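Colleague: Let me give you the structure first, and then I'll get to my questions.
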Amino acid sequence: MSEAKWYVVHTYSGYENKVKANIEKTIENRHLEDQILEVRVPLQDVVEMKNGTAKQVQKKMFPGYVLLNMVMNDDTWYVVRNTRGVTGFVGPGSKPVPLTEEEMLPLGIKEESIQVDFNEGDMVVVTGGAWKDTTGVVTSINLQKQVVTINVELFGRETPVEISFAEIKKM
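Residues in the sequence shown are numbered from 1 upward in steps of one, following UniProt numbering.
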């Protein structure tokens, strides 16, 4: 299987979040989670002055564009290209060109090899978020999304919950 790379898709202006949602829904429906790994609309924090007060808001870094981390093949190309709101991939002609490492650096997207100190079956405690101070057993680890699924007791039943790596530590 080929390696996943970052590609840029051009969309109608203002449709970036809708395109992102549509692609994510298609990934789920067609079970392409192992081929289209991530869909992003890059945002940046900007200070705006409104009525004399400074307000921090998030603005799109590239209006009209969506970033995709995917394995390029005929199926994934077809799915993305035929998503409503997508006008095409960025690249010469019909051949999409992946972003280089140099182009990725200013976007704040870096390929990291994450080391976690827990495995499936380990008991962990949640250190932040809505499930703070909850303990549970790790049932699955998703390195790509940087989340773990743990079973917690909710209303007397075991319930699976996805928690970020940053909010968990081994007991």
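Glycine is no exception: its CB is placed at the ideal position from the N, C-alpha and C atoms.
For clarity, every value in this text was computed on a predicted model and none was experimentally measured.
(1) Going by C-alpha distance, which of THR135, GLU3, VAL41 is nearest GLY14?
(2) To the nearest whole angstrom, what separates the beta carbons of THR76 and THR11, a pair I think is in contact under 8 Å?
(3) For VAL97, which of ASN69, VAL79, GLY121, ASP122 has the nearest alpha-carbon?
(4) Would you call the stretch 158-171 in contact with the stretch 124-141, where contact means no fewer than 3 C-beta pairs closer than 8 Å?
(5) List the endpoints of the continuous alpha helix (DSSP H) containing THR76.
(6) Who are the Cβ neighbours of VAL39 in its own chain at under 7 Å, not counting the five residues just before and after it?
(7) For LEU68, does the three-state DSSP call read helix, strand or coil?
(8) With distances taken from CA atoms, which of GLY156, ASN29, THR134, ILE163 is nearest LEU143?
(9) Could you give the distance in angstroms between the alpha-carbon of GLY136 and the alpha-carbon of TYR7?
(10) Apply the 10 Å Cβ neighbour rule to MET171 and answer buried if 16 or more other Cβ atoms are within range, or exposed otherwise.
(11) How big is the Cα-Cα spacing for PRO92 and GLY64?
(12) Let me check one thing: in DSSP terms, what residues is SER164 bridge-paired to?
(13) For the candidate residues VAL9, THR26, VAL71, whose alpha-carbon lies nearest to that of GLU3?
(14) Could you spell out where the beta strand (DSSP E) holding VAL19 opens and where it closes?
(15) Within its chain, find whatever has a CB closer than 6 Å to the CB of THR134; leave out the 5 residues flanking it on each side and keep chain order.
Modeller: Considering the structure as presented:
(1) Residue 14 sits at position 14 when you count from the first residue of the sequence shown. Minimum Cα distance to GLY14 is reached at VAL41.
(2) Against the sequence shown, residue 76 aligns to sequence position 76. Against the sequence shown, residue 11 aligns to sequence position 11. Actually they do not touch by this definition, with Cβ atoms about 17 Å apart.
(3) As a position in the sequence shown, residue 97 is number 97, starting the count at 1. The shortest Cα separation from VAL97 among ASN69, VAL79, GLY121, ASP122 belongs to ASN69.
(4) yes
(5) The residue labelled residue 76 in the question sits at position 76 within the sequence shown. Run containing THR76: 74-81, per the alpha helix (DSSP H) assignment.
(6) Here residue 39 corresponds to residue number 39 of the sequence shown, with the count starting at 1. Excluding residues within five positions, the ones whose Cβ falls inside 7 Å are LYS20, ILE23, GLU24, VAL66, LEU68.
(7) Mapped onto the sequence shown, residue 68 falls at position 68. LEU68: strand per DSSP, three-state reduction.
(8) Here residue 143 corresponds to residue number 143 of the sequence shown, with the count starting at 1. The shortest C-alpha separation from LEU143 is found at ILE163.
(9) Translated into the one-based positions of the sequence shown, residue 136 becomes position 136. Translated into the one-based positions of the sequence shown, residue 7 becomes position 7. If you take the alpha carbons of GLY136 and TYR7, they lie about 37 Å apart.
(10) Here residue 171 is taken as the residue at index 171 of the sequence shown, counted from 1. Exposed, by the Cβ-count rule.
(11) Counting from one through the sequence shown, the residue named residue 92 turns up at place 92. Counting from one through the sequence shown, the residue named residue 64 turns up at place 64. Distance between the alpha carbons of PRO92 and GLY64: 18 Å.
(12) Position 164 of the sequence shown, counted from the first residue, corresponds to residue 164. VAL147, per the DSSP bridge assignment.
(13) Within the sequence shown, numbered from 1, the residue matching residue 3 stands at position 3. Of the candidates VAL9, THR26, VAL71, the one whose C-alpha sits nearest the C-alpha of GLU3 is VAL71.
(14) Here the question's residue 19 lines up with position 19 in the sequence shown. Unbroken run through VAL19 is the alpha helix (DSSP H), 16-30; no beta strand (DSSP E).
(15) Here residue 134 refers to the residue found at position 134 of the sequence shown. Taken in chain order, the residues that qualify are VAL126, VAL152.
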